[in-house]
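A.B. asks: Pasting a structure below so you can have a look.
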RNA sequence: GGAAGCGUGCCGGAGCGGCCGAACGGAACAGUCUUGAAAACUGUCGUAGUUAAUAGCUACCGUGGGUUCAAAUCCCACCGCUUCCUCCA
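Given below as structure tokens:
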């Protein structure tokens with residue numbers, strides 16, 4: 124949620140952000156009015172309660188003969204206090220519903236507009252060219268016997284798959300390379316729960332716009348997470364962190380589950396968009412003043428990883444309207460996918476500033492001893508989807524795939540994945 | 001799944017329905033002493049809202065409700081933890 128102080132002091136800044144996102148500006152005025160209403164009700168209630176407390180104290184010390192009258196008075200006051208409290212609570216709830224609808228204030232420089240208004244920051248690497256007819260990852264997966272889509276569907280339905288042999292090992296290699304990279308960069312490995320309680324799901328903001336993207340287990344009232352970000356963000360909920368020795372960084376390793384409810388017929392081929400995949404996610408808790416710098420650090424690590432995998436990619440600064448509600452800025456990197464003749468998102472890194480942490484009540488202690496809301500950031504370092512780009516980019520005429528050098532140590536030194544010779 | 005017990009501040013740990021935002025101990029921080037450190041002593045020492053205010057007032061003793069003039073303290077529900085039994089990867 125946004126900072127209430129900002130709403131009071133500079134509503135224009137929030138409005139400008141809402142405008143850039145194409146979101147409601149009048150919401151800001153409504154929230155500001157609700158804030159004032161709430162504070163008025165709160166003061167009313169607190170004054171009455173103070174009166175009641177004082178009267179209660181009187182009752183305890185009053186001589187017997189006066190007690191009856193005092194208690195009667197206190198009873199009458201009590202009902203007024205109750206009413207005032209209810210009114211204050213109601214006003215507070217109204218304020219909350221409005222405030223929660225306001226999205227994070229976009230950072231200066233983020234392009235305004237929608238999905239297509241992103242800014243390309245840079246393109247890196249040369250797109251793979253072939254002197255033969257390249258195969259797509261589905262064909263390669265089948266030929267190399269490393270992705271079994273047919274049986275995935277047989278067992279679990281569409282958008283499920285088996286990774287087999289070198290396919291399975293390649294994914295683990297990728298995840299391990301990412302984890303090693305993250306570890307060297309001061310991220311602590313964390314294997315997270317993938318089932319979480321409703322309040323955690325709601326607290327991280329995933330039950331809002333993404334609600335129908337999420338698997339829910341009614342028998343246990345638990346949600347399957349679509350990213351370890353949920354657990355990583357909830358990890359320090361209601362805590363005051365010690366950031367005096369620098370930011371706290373985690374590398375979350377988890378399987379991710381997504382219903383893909385809104386994407387019927389989109390990317391149905393292969394493993395580009397699936398219901399279950401693995402992901403290594405970076406997550407930082409940091410002093411808000413350092414958040415933008417940290418964002419660049421996450422992006423640099425992502426690029427390092429993409430380069431290690433020998434992929435051509437571009438980095439985009441996502442437009443305001445295409446940001447998640449908690450993100451103040453988002454850098455995506457998209458790898459070139461030869462069979463689709465286009466770039467596809469492999470990493471996504473968001474600076475959530477204090478928006479996410481405020482809702483989760485994650486604070487840190489400043490040098491002057493006071494507490495303040497921390498900033499959170501997240502970014503992708505590896506996912507199963509990467510296999511698509513890796514396989515297609517490094518394929519050779521005979522269908523074999525050259526393994527990027529950085530991954531070889533994790534595969535017992537293997538240099539190539541070759542079609543299986545069947546007997 | 002069955003039984004019992006427990007959930008209090010950074011930690012440990014008290015707390016008769018009013019004098020409890022909470023004893024006491026430890027940790028931490030500041031100071032005195034010391035060449036320096038330790039020890040000892042003195043002081044500070046939860047979070048948030050409101051406010052010009054580190055004044056006052058208000059809220060918070062797992063969460064939510066209830067009883068009462070008054071609840072950390074009584075009642076109910078839920079969540080969590082521990083131990084025992086059962087069961088098992």
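Numbering (the numbering used here), first residue to last: 124 to 546. Where a beta carbon is used, it is the ideal one built from N, C-alpha and C, also for glycine.
Using three-state DSSP, classify residue 523 as helix, strand or coil.
C.D. replies: Coil at residue 523, not helix or strand.
A.B. asks: With a threshold of 8 angstroms, are at least 3 pairs of Cβ atoms found where one atom belongs to the segment 342 to 349 and the other to the segment 383 to 397?
C.D. replies: Too few Cβ pairs lie closer than 8 angstroms, so no.
A.B. asks: Tell me whether the segment 326 to 341 and the segment 372 to 386 touch, counting them as touching only if at least three CB pairs, one residue from each stretch, are closer than 8 angstroms.
C.D. replies: Segments in contact, yes.
A.B. asks: Can you confirm whether the segment 322 to 329 touches the segment 477 to 494 when touching is taken to mean that 3 or more C-beta pairs between the two stretches lie within less than 8 angstroms?
C.D. replies: Yes, the segment 477 to 494 touches the segment 322 to 329.
A.B. asks: Nearest-angstrom Cα distance between residue 213 and residue 221?
C.D. replies: Straight-line Cα distance between these residues: approximately 13 angstroms.
A.B. asks: Within 10 Å of its beta-carbon, does residue 176 have 16 or more other beta-carbons around it, so buried, or fewer, so exposed?
C.D. replies: Result: exposed.
A.B. asks: Is there contact between the segment 242 to 251 and the segment 436 to 445, where contact requires at least three CB pairs shorter than 8 angstroms?
C.D. replies: These segments touch.
A.B. asks: Which residue marks the beginning of the alpha helix (DSSP H) containing residue 324, and which one marks its end?
C.D. replies: Element bounds for residue 324: 321 to 326.
A.B. asks: So residue 505 and residue 402 are in contact, right, with Cβ under 8 angstroms, and what is the actual spacing, rounded?
C.D. replies: The Cβ separation is near 7 angstroms, so the contact holds.
A.B. asks: Could you check the C-alpha separation between residue 130 and residue 186 for me, to the nearest Å?
C.D. replies: Each residue's alpha carbon lies about 51 angstroms from the other.
A.B. asks: Using C-beta distances below 8 angstroms, list every residue in its chain close to residue 239, excluding the 5 sequence neighbours before and after it, in chain order.
C.D. replies: So the qualifying residues of the chain are 442.
A.B. asks: To which residues of the same chain is residue 160 closer than 6 angstroms at the C-beta, ignoring the five residues directly before and after it?
C.D. replies: The residues are 214.
A.B. asks: Secondary structure at residue 392, three-state DSSP: helix, strand or coil?
C.D. replies: Reduced to three states, the DSSP call for residue 392 is coil.
A.B. asks: Residue 566 by DSSP, collapsed to three states: which one?
C.D. replies: An answer regarding residue 566 cannot be provided, because it is not within the stretch 124 to 546 covered by the chain.
A.B. asks: State the Cα-Cα distance for the pair residue 478 and residue 459, rounded to the nearest angstrom.
C.D. replies: The alpha-carbon atoms of residue 478 and residue 459 are separated by roughly 32 angstroms.
A.B. asks: Distance, Cα to Cα, residue 153 vs residue 230?
C.D. replies: Each residue's alpha carbon lies about 23 angstroms from the other.
A.B. asks: Can you tell me whether residue 455 is helix, strand or coil according to DSSP?
C.D. replies: Strand, per DSSP.
A.B. asks: Residue 166 lies in the alpha helix (DSSP H); which residues open and close that run?
C.D. replies: Counting along the chain, the alpha helix (DSSP H) containing residue 166 begins and ends at 149 to 184.
A.B. asks: Put residue 210 into one of helix, strand or coil per three-state DSSP.
C.D. replies: The answer is helix: DSSP assigns residue 210 an H, G or I state.
A.B. asks: Can you tell which of 202, 195, 168, 263 has its C-alpha closest to the C-alpha of residue 521?
C.D. replies: Answer by Cα proximity: 263.
A.B. asks: Buried or exposed: where does residue 412 fall if 16 or more other Cβ atoms within 10 Å of its Cβ makes it buried?
C.D. replies: Exposed, since its Cβ has fewer than 16 Cβ neighbours within 10 Å.
A.B. asks: According to the Cβ coordinates, are residue 434 and residue 293 closer than 8 angstroms?
C.D. replies: It is not a contact, given that the beta carbons lie outside the stated cut-off.
A.B. asks: Beta-carbon separation of residue 447 and residue 407 under 8 angstroms?
C.D. replies: The answer is no: Cβ separation not under 8 angstroms.
A.B. asks: Determine whether the beta carbon atoms of residue 235 and residue 305 lie at a separation below 8 angstroms.
C.D. replies: No, they are not a contact pair.
A.B. asks: So if DSSP puts residue 406 in a beta bridge, which residue, or which two residues, is it bridged to?
C.D. replies: Paired residues: 373, 501.
A.B. asks: Apart from the five residues on each side of it in sequence, which residues of its chain come closer than 6 angstroms, Cβ to Cβ, to residue 514?
C.D. replies: Around residue 514: 260, 263, 524.
A.B. asks: How about residue 512: is its Cβ closer than 7 angstroms to a heavy atom in the ligand MG?
C.D. replies: Absent from the structure shown: the ligand MG. Ligands present: none.
A.B. asks: Output the distance between the C-alpha atoms of residue 357 and residue 328, rounded to the nearest integer angstrom.
C.D. replies: Going from the Cα of residue 357 to the Cα of residue 328 covers about 11 angstroms.
A.B. asks: Please classify residue 158 as buried or exposed, where buried requires at least 16 other C-beta atoms within 10 Å of its C-beta.
C.D. replies: Residue 158 comes out buried.
A.B. asks: Suppose you measure from the CA of residue 125 to the CA of residue 138; what does that come to, to the nearest Å?
C.D. replies: Their backbone Cα atoms lie some 12 angstroms apart in a straight line.
A.B. asks: In the DSSP assignment, what are the bridge partners of residue 470?
C.D. replies: Note: residue 470 sits in a beta bridge opposite 456.
A.B. asks: What is the C-beta distance between residue 527 and residue 251, in whole angstroms, given that I count them as a contact (C-beta under 8 angstroms)?
C.D. replies: With 8 angstroms as the limit, residue 527 and residue 251 do not qualify as a contact, their Cβ atoms being about 12 angstroms apart.
A.B. asks: Taking just the CA atoms, how far does residue 313 sit from residue 283?
C.D. replies: So the two alpha carbons sit approximately 25 angstroms from each other.
A.B. asks: Does the distance from the C-beta atom of residue 497 to that of residue 366 stay below 8 angstroms?
C.D. replies: Yes, these two residues count as a Cβ contact at 8 angstroms.
A.B. asks: Quick check: the Cα distance between residue 194 and residue 200, rounded to an integer number of angstroms?
C.D. replies: Their backbone Cα atoms lie some 10 angstroms apart in a straight line.
A.B. asks: Short of 8 angstroms in beta carbon distance, which residues of its chain neighbour residue 466, apart from the five on each side in sequence? Order them along the chain.
C.D. replies: Once the five neighbours on either side are set aside, the close Cβ partners of residue 466 are 436, 437, 457, 458, 459, 460.
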